[in-house]
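Notes follow the structure.
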Amino acid sequence: SADRNIASVSPIPVLILHGTADHVIPWQDSEKLYALAREPKQKIFIPDGDHIDAFSGRYANLYRDAMIKFIQTALSAK
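Numbering-wise (this note's numbering), the sequence shown opens with residue 1138 and increments by one.
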């Protein structure tokens, strides 16, 4: 499961991006994963973001921009 494997991902940067209104996967699960992950890591919670808002809907741009910034930061650290 993810909670058993998340720590082994390091040193690859981890981004946890989750909407707090997700009705499929509770956002608290992402909090647990973040706590178990090793650095480098970042978490972003989208207030009122739902499960599919990352791909469409009112928060799509926010999700996209957060992912782009994370990737740019990770690449510039190399």
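Where is the CB? At the ideal position from N, CA and C, for every residue including glycine.
This one's a predicted model, so the numbers in the text were calculated from it and none came from an experiment.
Can you list, in chain order, the residues of its chain whose CB lies under 6 Å from that of residue i, leaving out five sequence neighbours each side?
i       : result
Tyr1171 : Ile1153, Lys1180
Ile1149 : none
Ser1147 : Arg1175
According to DSSP, is residue i helix, strand or coil?
i       : result
Val1161 : coil
Ile1143 : helix
Ile1153 : strand
Phe1216 : The structure shown has nothing for residue 1216, since the chain only spans 1138 to 1215.
Arg1201 : helix
Alpha carbons only, please: which of the options is nearest the one belonging to residue i?
i       : options                            : result
Ala1174 : Trp1164, Asp1140, Ala1203          : Asp1140
Trp1164 : His1188, Gln1209, Asp1202, Ala1214 : His1188
Ser1138 : Val1161, Lys1206, Lys1169          : Lys1169
Just list the residues that DSSP pairs residue i with in beta bridges.
i       : result
Phe1182 : His1155
>> Using a Cβ distance threshold of 8 Å, determine whether the segment 1146-1160 contacts the segment 1175-1189, with at least three qualifying pairs required.
In response: yes
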